[in-house]
Structure formats: C-alpha cells, structure tokens
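For reference, the structure is listed below as structure tokens.
2 protein chains.
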Amino acid sequence: MTTPTNQPLAGLKVVDLTQIYQGPYAAFLMASAGADVVKVEPPGGERMRGAGGERTPMAFAMLNSNKRSLTLNLKTEQGQELLRKLVMQADVLLENYAPGTLDKLGLGWDTLHQLNPKLVYVSGTGYGLTGEDSDLLAMDHTIQAASGVMGCTGDPDQPPSRAGGAPCDIMGGIHMYAGAMSALVGRGINGKGTRVEVSMLESMYFTMCSEFTAYYAAGGELPARNSARSPSGVCPYGRYRCKDGWLAIISVAETHWHNIAKTIGRNDLLDNPDYANSARRLRREPEVNAAIEAWTSKQTKDEAYAALRMARVPVAPIRTIDEVQELPHLHERGMLHRMTHPDLGDIILPSSPIRFSDYDTASVRLFPQPGEHNVEVLNEWLTLSDTDVIDLQTQGVL
Amino acid sequence: MTTPTNQPLAGLKVVDLTQIYQGPYAAFLMASAGADVVKVEPPGGERMRGAGGERTPMAFAMLNSNKRSLTLNLKTEQGQELLRKLVMQADVLLENYAPGTLDKLGLGWDTLHQLNPKLVYVSGTGYGLTGEDSDLLAMDHTIQAASGVMGCTGDPDQPPSRAGGAPCDIMGGIHMYAGAMSALVGRGINGKGTRVEVSMLESMYFTMCSEFTAYYAAGGELPARNSARSPSGVCPYGRYRCKDGWLAIISVAETHWHNIAKTIGRNDLLDNPDYANSARRLRREPEVNAAIEAWTSKQTKDEAYAALRMARVPVAPIRTIDEVQELPHLHERGMLHRMTHPDLGDIILPSSPIRFSDYDTASVRLFPQPGEHNVEVLNEWLTLSDTDVIDLQTQGVL
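Here the protein sequences line up with chains V and S, keeping their order.
Just so we're aligned, residue 1 is where the first sequence starts under the numbering used here, counting upward by one.
Just so we're aligned, residue 1 is where the second sequence starts under the numbering used here, counting upward by one.
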C-alpha cells in the first residue's frame with residue numbers, strides 16, 4: 001500500500017463485499033479517504049465487471065478506484081473461514097446482498113459481531129432488512145418508482161418519467177458510507193460496534209421536500225408533474241432554448257428578475273405592474289418565458305450563459321455528460337483526472353466529492369484486476385505465506 | 001435535552017449555521033443520531049420558514065426536527081463574539097453560505113480553527129470553494145443543469161427535463177454529513193480538526209454511472225435521453241400503463257423475463273428465438289412492451305404489482321408522494337411518524353434513513369420556533385444567566 005498516511009481514515013481496514021453501484025460507492029469513498037479497502041470478489045470477479053460486454057464498464061472503473069481485490073469463493077467452507085478471519089482484523093464490513101444472504105453463509109451480523117464486537121457491519125438494501133416490503137427485488141429503476149421520484153418527474157399529460165442517472169443507488173451508497181462513519185464515531189466514544197442499516201427507498205425521501213411543501217400548502221392536492229416549472233412556484237424558472245442547446249434559469253429573488261429583464265433588453269417589463277412579483281409573473285408564465293427565449297434563441301448557450309452569469313443570475317448551461325467530464329472547473333479542482341487504462345484506453349476518472357483541508361488527497365489509482373492483491377492482502381492481514389496462497393488458489397478457495 | 005444518551009453521536013455539539021435544504025439535511029442527520037444540534041438563526045428566523053406563504057413550509061418541518069434554535073444577530077459584533085464562544089465549545093460547525101461570507105464576518109475557517117484546533121468546519125456550496133465557477137449562484141435547478149443530470153432526463157426529441165425533487169440539494173447535504181463524520185473519525189485517530197468541503201456539483205457526478213458506461217461503450221457517442229428505456233439496454237424495462245396508474249418493471253436476469261412472460265400469459269414468447277435474450281428483445285422493444293401493457297392495462301396497478309411481485313420480478317408501482325407518505329412499510333419500519341403541529345396540523349414526518357442496531361433510535365421532535373432555546377442553550381453551553389439572555393435580547397443581539 002502506498003496510500004499517504006495523512007488521511008482521515010488511514011489505518012482503518014474495510015472488508016468490502018458489495019457489488020453494482022450502491023455498496024461500491026460507499027467503499028470507494030472509504031478508499032479515497034485513506035482506508036485499506038479490500039474488495040472481496042468471487043473467483044471470476046464481481047458481476048458488474050462483465051456488464052459492459054467486451055470491455056469493463058466505465059461505471060466499474062469509476063466506482064472501484066483505490067481498492068485492492070481479493071478473490072474468495074464464499075461457497076466453500078474454507079472461503080467462509082478466511083472471510084471470518086479477515087473480519088476479525090477489520091473495522092468495517094460492507095455488504096449489499098439481499099437480506100439474509102450472508103446469514104445463510106454463516107457470515108451474518110450475529111456471527112461476525114460475536115467474533116469481533118467492535119465491528120461496524122453495514123447493510124445496504126433496496127427496502128430495508130425489516131418490514132413487509134423487505135423481500136422485494138430492488139433496482140434503481142423500481143426504487144425511483146416506489147419512492148415517488150418517478151411520479152414527480154416528467155410533464156403534464158405525459159407518463160411519469162425516469163430521472164436521469166441512478167440517483168437511488170448512489171444515494172443509498174452515500175448513506176451507507178455516512179452510517180459507517182457515524183458508527184465509527186460512536187465506537188470511538190462507546191467502544192462498541194454496531195450494525196448499520198440503510199435502504200435506497202428511505203434514502204430518497206428527503207429529495208421530495210419541495211413537492212411535499214407544495215402538497216401540504218395546497219391542502220393535500222398533488223402538485224402536477226412539470227419538468228419546466230418550479231414546484232415552489234417561482235417565476236421565471238425553466239429551460240430556455242439557445243441556438244445550440246439549452247440554458248437553465250431560476251429567479252429566486254427580485255434582483256434576479258431585474259437582472260434578467262435588463263440582460264434580455266426588456267427593461268419595459270420592470271415598469272409593468274403585471275410583472276411586479278413572482279406570483280404575478282407566474283400568471284403570465286408563457287409571456288415571461290417567451291420574452292426570455294426570444295433573447296436566448298438568438299445566442300449560443302455559452303454566450304447567453306456568460307451574459308446572465310455576469311448579471312448575477314442563477315443560470316447554468318444544460319450540459320451533456322461529455323461536457324461535464326471535460327469541465328475545466330472540475331479538472332482545476334482535482335475532481336476529475338485523465339488516466340490511461342490498458343483495456344479502456346484514455347478515460348476520465350472522478351475522485352471523492354469530499355475534501356479535507358488538513359489531510360492529503362489520495363491520488364486516483366485504477367481499479368484492480370480480480371484477485372490482483374490475493375498474496376499481498378492475505379500476507380498483510382492474515383500473515384499467510386506465498387505458498388499458502390498458491391495452495392488456496394489450487395484448491396479453488398481464491 | 002431529553003435525547004437518549006445511547007446514540008452514536010451523543011455528547012457531540014454542533015453549531016448549525018445552515019439554511020434551505022442542503023446544510024439543514026446534514027444537521028438533521030446529526031440531530032437524529034444524538035448530537036446536540038443548535039440551529040443558529042437570524043432574529044427573524046431562517047428565511048426558509050417564510051417560504052411557504054402563511055404557514056411553515058413542510059420542507060422546513062421535515063428538515064429541522066430534533067434541533068434546538070438559538071437566534072443570533074451575526075451583523076452585530078456581540079453576536080459574532082457569542083458565536084465564536086459557542087464554536088470554542090463545539091465539535092462541528094456546519095455552513096452553506098456563499099464562499100467567503102463567513103470570512104467577512106470574522107467567522108471563517110482560519111479564525112475559528114485558531115480558536116478551536118479540534119473543530120470540524122464543514123462548508124457546503126454549489127460549485128466548491130475554489131475554481132473558476134466557485135462564484136456562481138447555485139440552486140438545485142441550475143446544478144441539475146450544470147452537473148449533467150438534466151441533460152440525461154427526458155425523452156428523445158423533447159427538451160432536457162428537470163428530475164423530480166431536489167436531488168442536488170439533498171445529495172450535497174448527505175455528503176456534508178458524511179464528510180463531517182469522516183473528519184470526526186480522523187480527529188479520533190489524529191487529534192486534529194479539519195475543514196471539510198463539499199459541492200453539490202461534484203456530489204452528483206457518480207449518479208451518471210450508467211450514462212458514462214453507455215457513452216464509453218459507444219466509443220464516445222452520447223446516449224439519447226429516454227426516460228422509458230434503460231441506459232444499459234436491458235429489455236423489458238420501462239413504465240407500463242395500468243387501469244389506474246403506472247407500474248415500473250425491469251428485467252435484469254433471464255429468469256425475470258421468464259416470469260414476466262408467464263405472468264402475462266405469453267408463454268409462447270419463451271419459445272420464440274427472437275425473444276431469447278435481452279439484446280434480441282431490445283430489437284423488438286415495441287412488441288415486448290405492447291405485450292406487457294396489453295396485460296397491465298386490464299388491471300389496477302395493485303393487482304399487476306401483486307402478481308409480478310409474487311413471480312419474483314423487479315417491479316414497483318409508480319407512486320405519488322401522498323402514497324409514499326402513507327406506505328405501511330415505511331410506518332412499520334419507523335421511518336415515518338404521524339405528528340400534530342399547532343400550526344401545520346396533522347403531518348407525517350420522516351426520521352433518519354440511517355439506523356444502528358446497538359443504539360437507541362431518537363424519536364422525532366417537532367422543529368423549534370426561532371429562538372425557542374435561547375435561554376437553555378446559552379445557559380448550558382456558555383453558562384449565561386437568564387438575565388444575561390434577556391439583556392442580549394433587549395440589545396438586539398439575539
């Protein structure tokens with residue numbers, strides 16, 4: 001390990017049994033903050049590795065930087081025994097299997113907690129470990145539906161729509177990480193381990209704050225889905241067509257509206273009482289938006305963005321992901337890194353969105369091959385010799 | 001304070017200078033895990049309180065449970081001095097002002113770190129504290145645009161769309177909380193405080209994993225926005241109309257497809273080589289979806305959901321937020337609580353999505369009135385007398 005030691009989690013050992021997006025994001029954040037994260041994979045490697053067809057999917061590369069890989073066949077008794085030995089050395093175990101899966105393998109919380117009372121055991125699920133829906137199969141897509149996010153996304157008279165990305169997976173993952181850290185703080189004070197439980201469904205609840213405000217304010221009437229309108233009723237608000245793309249604008253304060261009107265050359269609207277506050281403008285929303293678009297549609301999104309930004313209006317170009325990964329701001333800040341991978345070629349990899357002023361920032365290390373660190377990890381953690389590891393490999397345990 | 005002491009963060013003191021959604025979510029999670037969170041508000045109260053018109057917005061109620069409120073006029077020197085004294089007693093300070101705001105008040109990281117070298121000072125911003133875009137005004141709406149989320153949401157030949165909810169605010173907030181906890185873990189090991197920095201923009205990057213996978217797999221071609229289609233190309237995938245609403249279905253494994261076909265009474269498709277795997281079905285996506293909808297459209301969403309759930313298919317009803325807040329599963333699990341507030345009436349309040357097996361769960365306490373705990377907090381934290389507090393109030397400091 002060449003991780004700098006001046007990192008907040010340096011010295012902590014993590015057994016990472018997770019897969020796909022949710023759990024691996026939690027483990028990635030730990031690795032990025034300096035913990036020794038050992039990704040335990042079945043001998044062929046985590047199934048996400050093969051999900052991109054012939055090449056490793058970019059998502060796998062993004063989510064598995066800075067980890068070490070140990071292959072372990074948990075269907076063998078020896079594999080289970082090795083895992084228990086690793087757990088006895090560990091501070092944190094992360095898992096996002098279906099509820100009950102690890103219990104069946106003799107690797108459940110009750111067993112491992114007895115072996116290591118200081119262990120923080122983190123379970124990430126779709127619906128939680130308890131409750132009538134806990135056995136449901138969960139994917140980001142279905143959690144978007146079950147949690148209400150999909151019902152809030154889309155346009156009037158159109159079907160509910162998927163929000164772009166996999167917000168439920170990543171929201172579940174960051175809550176797993178946050179729960180693990182909270183439990184470590186508690187362990188520092190109380191000296192005991194705990195099981196941490198997070199569900200994707202519950203992790204999404206607070207994202208619908210504005211919709212709940214609108215719903216209660218309307219005395220229990222549901223706000224209509226409207227992707228071009230603010231759930232809190234501010235105006236102007238929306239997306240505006242430019243010559244070569246789109247711009248998002250929101251006017252939260254009256255000064256924003258004043259600055260928009262001046263920038264688009266419509267000072268006349270500032271003297272018009274029909275446009276004197278957000279509520280009145282909302283009644284003339286089509287006119288407000290038409291006035292703005294009459295101006296944006298004659299410019300490129302960069303030009304319109306620059307002018308409105310200069311006028312201190314909350315504005316942003318609606319970016320495509322290729323524009324996001326090339327954004328100078330994100331490279332300048334050290335969030336994104338240009339790397340070359342033997343298989344994937346030139347790629348841009350993100351680092352952790354969490355920064356610490358008084359610790360070193362980990363550089364991004366490319367994701368490991370399955371079992372790449374078998375010798376290293378079993379030697380460091382369990383003092384097994386090279387020959388021991390070769391024997392285990394021959395027996396199909398690794 | 002009547003918080004149970006068997007909580008992971010019991011004994012920790014938090015000065016919470018945050019407003020709107022992002023920072024308050026971080027502070028809420030701390031309060032829910034047992035920390036003593038003092039919400040410092042300007043004398044009239046945080047501006048979100050008034051954002052709902054005549055009544056407190058539901059979002060404010062959701063995000064400010066379990067905190068105590070202290071009013072403090074930070075525009076006065078005495079107010080600033082009191083804040084510095086509070087910080088000398090605190091473990092964590094949370095803020096989500098525009099970069100530089102607190103520095104101008106003599107309450108920046110450099111000053112407070114000198115006064116309390118063990119302080120964890122957490123700054124949440126839209127774009128970060130550094131970099132060419134750090135001065136941009138940020139709202140969830142514009143960060144959705146800038147981060148790429150909006151560009152991934154919507155349908156082909158339609159404008160990019162806002163994802164429902166305020167995912168960027170909440171994602172920023174949970175990363176602030178996670179960063180604070182990581183810094184406290186580091187403090188436990190290294191004995192030093194640190195500044196933690198989180199931006200909403202960077203917090204959203206990993207949600208677009210699937211889109212990045214598709215983009216790289218296609219050799220740099222952007223995946224089309226399509227809210228009814230999987231970015232990873234699995235089929236069946238989508239939303240299906242029922243008699244009274246919509247259902248979301250995703251088929252990740254071949255067994256899911258088999259079980260769907262059997263449930264909808266289309267065993268014939270299982271013998272048809274054109275439907276033999278996900279890639280082939282994708283070529284006949286309209287036929288696949290029509291076959292499923294021919295079945296769902298004759299049932300209520302509850303009926304269709306029950307049948308597909310029984311068949312172990314990843315399925316969920318597309319819920320509206322009123323259905324979500326009444327979901328028995330979430331009440332049974334203790335995530336949601338029916339409460340009565342003198343002003344808001346009967347409301348349903350969420351608790352923290354993070355649970356700990358070996359600690360007590362905090363009950364949900366209704367959000368405080370502005371300055372409700374002025375006497376209590378200044379007495380406990382700074383040993384000021386009741387008379388001192390009345391004097392400060394008279395002088396306009398509180």
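By construction, the Cβ of each residue, glycine as well, lies at the ideal position given by its N, Cα and C atoms.
Cβ atoms of residue j and residue i: under 8 Å apart, would you say?
i, j, result
"V/Ala31", "V/Val37", "yes"
"V/Met200", "V/Gln22", "yes"
"V/Pro156", "V/Ile250", "no"
"S/Tyr205", "S/Ala26", "no"
"V/Gln7", "V/Asp360", "yes"
"V/Val288", "V/Cys242", "no"
"V/Leu74", "V/Leu119", "no"
"S/Met208", "S/Cys152", "yes"
"S/His175", "V/Pro286", "no"
"V/Gly179", "V/Val87", "no"
"S/Ser227", "V/Arg162", "yes"
"V/Asn116", "V/Gly193", "yes"
"S/Arg225", "S/Gly154", "yes"
"V/His258", "V/Leu270", "yes"
"V/Asp343", "V/Thr56", "yes"
"S/Leu392", "S/Lys85", "no"
"S/Phe60", "S/Phe367", "yes"
"V/His373", "V/Arg49", "no"
"S/Leu136", "S/Gly126", "yes"
"S/His141", "V/Tyr237", "yes"
"V/Leu107", "V/Gln80", "yes"
"V/His329", "S/Asp133", "yes"
"S/Thr76", "S/Val397", "yes"
Is the shortest distance between the beta-carbon of residue i and the beta-carbons of chain V less than 8 Å?
i, result
"S/Ala218", "no"
"S/Pro328", "yes"
"S/Asp358", "yes"
"S/Trp295", "no"
"S/Met139", "yes"
"S/Gly265", "no"
Tell me which residues share the same chain as residue i and place their Cβ nearer than 6 Å to its Cβ, disregarding the 5 neighbours each side in the sequence.
i, result
"S/Thr2", "Low per-residue confidence applies at S/Thr2: pLDDT is 49, beneath 50, and the placement is therefore not dependable, though the value from the model is reported in the following sentence. Same-chain partners within the cutoff: there are none."
"S/Leu384", "Leu378"
"S/Val14", "Met30, Ala35, Val37 and Val92"
"V/Gly124", "Gln22, Gly23, Asn96, Gly172, Met176 and Val198"
"S/Ala10", "Gly34"
"S/Pro160", "Met150, Gly151 and Gly154"
"V/Ser203", "Met171, Gly172 and His175"
Based on the DSSP output, what are the partners of residue i in its beta bridges?
i, result
"V/Tyr240", "V/Leu247"
"V/Tyr121", "V/Leu93 and V/Arg195"
"S/Leu282", "None; S/Leu282 has no bridge partner."
"V/Thr340", "V/Asp346"
"V/Val315", "V/Ile249"
Measuring only between beta-carbons, confirm whether residue i sits less than 8 Å from chain S.
i, result
"V/Ala316", "yes"
"V/His401", "Outside the displayed span of chain V (1 to 398) sits residue 401 of chain V, for which this structure offers no information."
"V/Ala304", "no"
"V/Thr213", "yes"
"V/Arg338", "no"
"V/Ile170", "yes"
"V/Thr255", "no"
"V/Pro43", "no"
"V/Val399", "With chain V covering 1 to 398 only, the question about residue 399 of chain V has no answer from this structure."
"V/Ala276", "no"
"V/Ser47", "Note that residue 47 of chain V corresponds to Arg in the displayed sequence, not to Ser. Taking Cβ atoms only, chain S never reaches closer than 8 Å to V/Arg47, which makes this a no."
"V/Val457", "The structure shown does not extend to residue 457 of chain V, since chain V is modelled only from 1 through 398, so no value can be given for it."
Under 7 Å Cβ to Cβ from residue i, same chain only, skipping five residues before and after it: list those, please.
i, result
"S/Leu222", "Tyr215"
"S/Pro350", "Met62, Met335 and Leu336"
"V/Ala183", "Val120, Thr194 and Val196"
"V/Arg47", "Gln19"
"S/Ile318", "Arg239, Gly245, Trp246, Leu247 and Ala248"
Enumerate in chain order the residues of its own chain whose CB-to-CB distance from residue i is below 8 Å, with the five nearest sequence positions on each side excluded.
i, result
"S/Ala316", "Leu247, Ala248 and Tyr305"
"S/Gln158", "Arg225"
"S/Arg229", "Tyr237, Gly238 and Glu285"
Runs of 3 residues minimum, wholly inside the region 350–392 of chain V: which ones carry the beta strand (DSSP E) assignment? Fully enclosed beta strand (DSSP E) runs of 3 or longer: 354–356.
Any chance you could list the alpha helix (DSSP H) runs of at least 4 consecutive residues sitting entirely within the region 10–72 of chain S, in chain order? Within the region 10–72 of chain S, the runs of alpha helix (DSSP H) that reach at least 4 residues and sit entirely inside it are, in chain order, 22–32 and 58–63.
Whole runs of the beta strand (DSSP E) within the region 150–233 of chain S, excluding any shorter than 3 residues: DSSP runs (the beta strand (DSSP E)) wholly in the region 150–233 of chain S: 194–199.
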